[in-house]
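Asker: Residue numbers (full-length UniProt numbering): 1 to 734.
Just so you know, even glycine gets a beta-carbon here, dropped at the ideal spot from N, CA and C.
Below is the structure I would like to discuss, written out as structure tokens.
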Amino acid sequence: GEVCTMINKKYSEFLPSMQSAEDLVAQVEGLANNIDLLKAGIENEVQRDLNVAVAEFTELKQQLERDTLVLSVLKKLQEFDTAIKECNSALLEKQYVTAAQQLEQARSSLRSLESRRGFELKILKALGTELTVQTQNIIYHLGEEWQKLVVWKLPPSKGSSSLEAVVLSELHLHTVPPQDEDTAVPPVAAVLQALAVLGELHSKLKDFGQLLLQYILKPLISHPSLEPVPEEQPDVFILRFRSQELALDEASPMEVFDKIKLVFEVLHKYLLNVPLEQPGEGRKEGRVTLAELLGELIWEELSDCLIHNCLVNSIPTNSSKLEQYKEVIESTEEFEKALKQMQFLKEDTTALLKYACNVDSHFANKKCQDVIMAARSLMTSEIHNTVKITPDCSVALPQLPDPGSGDHLEVSRPSSLLQSGTVNLGSESRLSPFTLGLPTCRISSSVQQLVELAYHTLLEATASTDLCCVQLFDCVRNIFQLFYEVVPTFHRENLQKLPQLAAIHHNNCMYLGHHLLTLGHQFRYRGTSVLSNGAATFVDMVPAFRRLGMECFLAQMRVQKGEILERLSSARNFSNMDDEENYCAANKAIKQVLHQLRRLGMVWQDVLPVNVYCKAMGALLNTALAEIVTRIAALEDISAEDADRLYSLCRIMVEEGPQVFTPLLEEDKNKKYQEEVPVYVQKWMTFKELMIILQANLQEIVDQWADGKGPLAEEFSAAEVKSLIRALFQNTER
């Protein structure tokens, strides 16, 4: 019973909750149905209306844009049309500036029309043509006006800026402000401003500038006798020229500056002092005077011309005149200042002044150029024009002050190294006066002049500013460098062919080397110049010069030795002298060799220093003797007759050989050197011993040998003597 009641109770609680759940399900289903209906409604009707509205809106928006575009195009077209009309009417009244501005307005309207994409109107082409026609029209009118304002009267031979042509040229400026103001002629400013607005001013000014340079400015610079003659009349200003006979053929920069300043002053007064509104170009102030524009166009060419045709010529060639150059610098400064005041030059322009102030460097450049030109012409002149130098001749060099005298130029004692006196060493021991002397010989006069040129240039350097001094010192080094490179090349053929020239060139090189030893040193005591620190030296060049001379002379020696051996090779080896033909050939060869040596002895006479002469001639004679000894010592069989004939050939060499030594012009003084031949000819004694052997019997040869201690053993080895004995004595009764 208890359990039953429990179940009933639970059941009665369950029923109502189930009921409410069922109600809920029914409600949800109803709601779902409603939603489906609503969704269907939206999809079918509202969406459609919305699409229609959006499409309509887009269409309206596009239409509005089209209308706005058409409106703005029409507006631009109207602006263009108005501008062209205004331009025309202004042009009729000669109001050029207004006309030009209206034309530019029309141009900008057309540009903005053309810039619209996808809007190609046929009319644009026509408008473009209209604008071009109008532009050309106004430019033509302005050109006419400009030609009335600025009139050039040029000589018929156009393009010539000769003195005659320039004297006939005139420039007329009809820009004089008229007395009565209400004239129809538009003032110059209006014409120029209109040209500026149209962007045509530049080309007009360029042409004007070119004529100005060709017929006025450049001739004034290059013809010192020309003078500008300005003349003002009530309605016109005229610039003419007259030519005066001048004593000088070069005008000073001061005079040239004055003439050019005068031209600019009148141009400024009557034409250039017009302020212009410059369209665009990002100029800060927007206003610029005509003078500035013209200056930009012609100043570069004008300043170049002034520098090259006027300032360059005024650069002194002598350091003593550098002081007087100050007034040129001052007048250059004045000139630039005047042109800046007229606004012809910008404030920062200083090309001319820079050039003038840099006079030291220009002076040095000019000097160096002159020096190098002079040096080059000396180097390419003939080598064979010679002068004789002796140890006791002081070369014509500038007088150098003595080291103690500091900077006083008046003291004129030549440097002790160049003087012939003795050089005192301070103690009792004295050097011979010729310790640093050159031996007597001949050198090219051009080389002597070259050394003088070097001395004078260095002397000039010591009196110059530091910068200039260094430049001139380098220039002197360049002279010697140039000699080293130019001379051997320029004279190559002659130095190879002509033994005399080779000898002179050898002396030249030794002479230059000799001066290079002391050249820098002699200028050490010249005041405060840069050369006095001892760095200015030429010693480093000495070995190269000595080598240059040696190599050239040795090459010539090789040629001569070759010729001697060539001649002796035709002597049939000195074999079989009993054959008449062979003997004649050998005799002829020996005669030819002696002739060659004699000729050399003559061309080198009085040219080479005596010791070099004797060594050279000795070496060549030695070549001949050594060759003869070798050939005779190699013979396998010498008959008695052969021996006699060989002996007589050798005797010719011994008798006539020494006579080729004629180093000096005075015959009697050459004896000494002819007697000293054995000193210079290494094989002399060998040759004499060979002659003895050719004439001796066996006993005499044994005596000469004296167990390897005699004179024969001094000259020949045992094997050579054996071979000679075999050749002379086998198969003979001797």
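Pair every Cβ in the stretch 100-110 with every Cβ in the stretch 129-146, then say whether three or more of these pairs are closer than 8 Å.
Answerer: yes
Asker: Does residue 336 pass the burial test, meaning 16 or more other C-beta atoms within 10 Å, or should it be called exposed?
Answerer: Residue mapping note: residue 336 aligns to position 336 of the sequence shown, counting from 1. Answer is buried; the Cβ neighbour count reaches 16.
Asker: Along the chain, where does the alpha helix (DSSP H) that runs through residue 580 open and close?
Answerer: Here residue 580 refers to the residue found at position 580 of the sequence shown. 580-603 is the span of the alpha helix (DSSP H), which, as asked, contains residue 580.
Asker: Please tell me whether residue 98 and residue 90 are closer than 8 Å, where the distance is taken between their beta carbons.
Answerer: As a working note, residue 98 is residue 98 in the sequence shown. As a working note, residue 90 is residue 90 in the sequence shown. The answer is yes: Cβ separation under 8 Å.
Asker: In this structure, how does DSSP classify residue 609 when only helix, strand and coil are distinguished?
Answerer: Translated into the one-based positions of the sequence shown, residue 609 becomes position 609. Reduced to three states, the DSSP call for residue 609 is coil.
Asker: Taking Cβ to Cβ, would you say residue 500 is nearer than 8 Å to residue 604?
Answerer: For the purposes of this step, residue 500 is taken as residue 500 along the sequence shown, with counting starting at 1. For the purposes of this step, residue 604 is taken as residue 604 along the sequence shown, with counting starting at 1. The answer is yes: Cβ separation under 8 Å.
Asker: Taking 8 Å as the threshold, find out whether the stretch 290-301 comes into contact with the stretch 208-223 through three or more Cβ pairs.
Answerer: Output reads yes: the stretch 208-223 touches the stretch 290-301.
Asker: Ends of the beta strand (DSSP E) at residue 660?
Answerer: Counting from one through the sequence shown, the residue named residue 660 turns up at place 660. It is not in any beta strand (DSSP E) - residue 660 carries neither H nor E in the DSSP assignment.
Asker: May I ask you to report which of helix, strand or coil DSSP gives residue 241?
Answerer: Mapped onto the sequence shown, residue 241 falls at position 241. The answer is strand: DSSP assigns residue 241 an E or B state.
Asker: Would residue 610 and residue 391 be called neighbours here (beta carbons separated by less than 8 Å)?
Answerer: As a position in the sequence shown, residue 610 is number 610, starting the count at 1. As a position in the sequence shown, residue 391 is number 391, starting the count at 1. Against a cut-off of 8 Å, the Cβ pair of residue 391 and residue 610 comes out as no contact.
Asker: Quick one: which unbroken alpha helix (DSSP H) runs of 4-plus residues sit fully inside the stretch 343-389? Chain order, please.
Answerer: 351-357, 359-379
Asker: Excluding sequence positions up to five away, which residues of its chain have a Cβ less than 6 Å from the Cβ of residue 371?
Answerer: For this step, residue 371 is matched to residue 371 along the sequence shown. Only 457, 475 meet the Cβ criterion.
Asker: Using beta-carbon positions only, say whether residue 169 and residue 149 come within less than 8 Å of one another.
Answerer: Residue mapping note: residue 169 aligns to position 169 of the sequence shown, counting from 1. Residue mapping note: residue 149 aligns to position 149 of the sequence shown, counting from 1. Not a contact, by the Cβ cut-off of 8 Å.
Asker: Could you tell me which residues DSSP puts in a beta bridge with residue 442?
Answerer: Taking the first residue of the sequence shown as 1, we reach residue 442 at position 442. Bridge partners of residue 442: 388.
Asker: Can you list, in chain order, the residues of its chain whose CB lies under 6 Å from that of residue 183, leaving out five sequence neighbours each side?
Answerer: Looking up residue 183 in the sequence shown gives position 183. Annotation note: pLDDT 46 at residue 183 (below 50); position unreliable, no value reported.
Asker: Give me, in chain order, the residues of the same chain whose beta-carbon lies closer than 8 Å to that of residue 200; leave out the 5 immediate sequence neighbours on both sides.
Answerer: Counted from its first residue, the sequence shown places residue 200 at position 200. Contacts found: 139, 142.
Asker: Where residue 510 and residue 493 are concerned, what is the direct C-alpha to C-alpha distance, given to the nearest angstrom?
Answerer: Numbered from 1 along the sequence shown, position 510 holds the residue referred to as residue 510. Numbered from 1 along the sequence shown, position 493 holds the residue referred to as residue 493. Whole-angstrom Cα-Cα distance: 21 Å.
Asker: For residue 235, which option in 243, 208, 175 has the closest C-alpha, if you only look at C-alpha atoms?
Answerer: Taking the sequence shown and counting its residues from 1, the one referred to as residue 235 is at position 235. If we check each option's Cα against that of residue 235, 175 comes out closest.
Asker: For the beta strand (DSSP E) containing residue 153, list its first residue and its last residue.
Answerer: Residue mapping note: residue 153 aligns to position 153 of the sequence shown, counting from 1. Start and end: 150-153.
Asker: Should the stretch 647-659 be called in touch with the stretch 717-728, which here means at least 3 C-beta pairs below 8 Å?
Answerer: Per the Cβ contact rule, the stretch 647-659 is not in contact with the stretch 717-728 (fewer than 3 Cβ pairs under 8 Å).
Asker: Assign residue 698 to buried or exposed, taking buried as 16 or more other Cβ atoms, counted over all protein chains shown, within 10 Å of its Cβ.
Answerer: One-based indexing of the sequence shown puts residue 698 at position 698. By the 10 Å Cβ count, residue 698 comes out exposed.
Asker: Assess contact between the stretch 674-692 and the stretch 637-654, defined as three or more Cβ pairs (one per stretch) separated by less than 8 Å. Is contact present?
Answerer: yes
Asker: What span of residues does the beta strand (DSSP E) with residue 336 cover, start to end?
Answerer: If you number the sequence shown from 1, residue 336 lands on position 336. Taken as a continuous stretch (DSSP letters only), residue 336 belongs to no beta strand (DSSP E), being part of the alpha helix (DSSP H) at 326-341.
Asker: Which residue comes first and which comes last in the beta strand (DSSP E) that contains residue 227?
Answerer: To locate residue 227, count along the sequence shown from 1; it is residue 227. Its beta strand (DSSP E) spans residues 226-232.
Asker: According to DSSP, residue 173 sits in a beta bridge with which residue or residues?
Answerer: Taking the first residue of the sequence shown as position 1, residue 173 is located at position 173. Paired residues: 150, 237.
Asker: When you compare only the Cα positions, how much space is there between residue 271 and residue 173?
Answerer: Locating residue 271 in the sequence shown gives position 271, where the first residue counts as 1. Locating residue 173 in the sequence shown gives position 173, where the first residue counts as 1. Our two residues, residue 271 and residue 173, have alpha carbons roughly 8 Å apart in a direct line.
Asker: What is the residue span of the alpha helix (DSSP H) that residue 27 lies within?
Answerer: For the purposes of this step, residue 27 is taken as the residue at position 27 of the sequence shown. Element bounds for residue 27: 2-41.
Asker: Evaluate contact between the stretch 617-628 and the stretch 459-473, counting only Cβ atoms and requiring at least three cross-stretch pairs below 8 Å.
Answerer: no
Asker: Between the alpha carbons of residue 704 and residue 521, how many angstroms are there, rounded?
Answerer: Residue numbering aside, residue 704 sits at position 704 when the sequence shown is read from its first letter. Residue numbering aside, residue 521 sits at position 521 when the sequence shown is read from its first letter. Each residue's Cα considered, the two are about 59 Å apart.
Asker: Is residue 724 closer than 8 Å to residue 643 when the C-beta atoms are compared?
Answerer: For the purposes of this step, residue 643 is taken as the residue at position 643 of the sequence shown. For the purposes of this step, residue 724 is taken as the residue at position 724 of the sequence shown. No, the Cβ-Cβ distance between residue 643 and residue 724 is not below 8 Å.
Asker: Taking only the alpha-carbon atoms, compute the straight-line gap between residue 415 and residue 358 and give it to the nearest angstrom.
Answerer: Indexing the sequence shown from 1 puts residue 415 at position 415. Indexing the sequence shown from 1 puts residue 358 at position 358. A caution first: residue 415 carries a pLDDT of 41, below 50, which makes its placement in the model too unreliable to give a value.
Asker: With a floor of 4 residues, list each alpha helix (DSSP H) that falls wholly inside the stretch 446-527, ordered by position along the chain.
Answerer: 466-490, 492-497, 499-518
Asker: Rounding to the nearest angstrom, what Cα-Cα distance links residue 781 and residue 222 in this structure?
Answerer: Any answer about residue 781 is impossible in this case: the structure gives the chain only from 1 up to 734.
Asker: Report the rounded CA-to-CA distance for residue 366 versus residue 322, giving the unit in angstroms.
Answerer: To locate residue 366, count along the sequence shown from 1; it is residue 366. To locate residue 322, count along the sequence shown from 1; it is residue 322. Their backbone Cα atoms lie some 13 Å apart in a straight line.
Asker: What are the boundary residues of the alpha helix (DSSP H) that includes residue 739?
Answerer: Because the chain is modelled from 1 through 734, residue 739 falls outside the range shown and cannot be assessed.
Asker: Would you check if the stretch 539-555 and the stretch 474-491 touch, i.e. whether three or more CB-CB distances between them fall below 8 Å?
Answerer: yes
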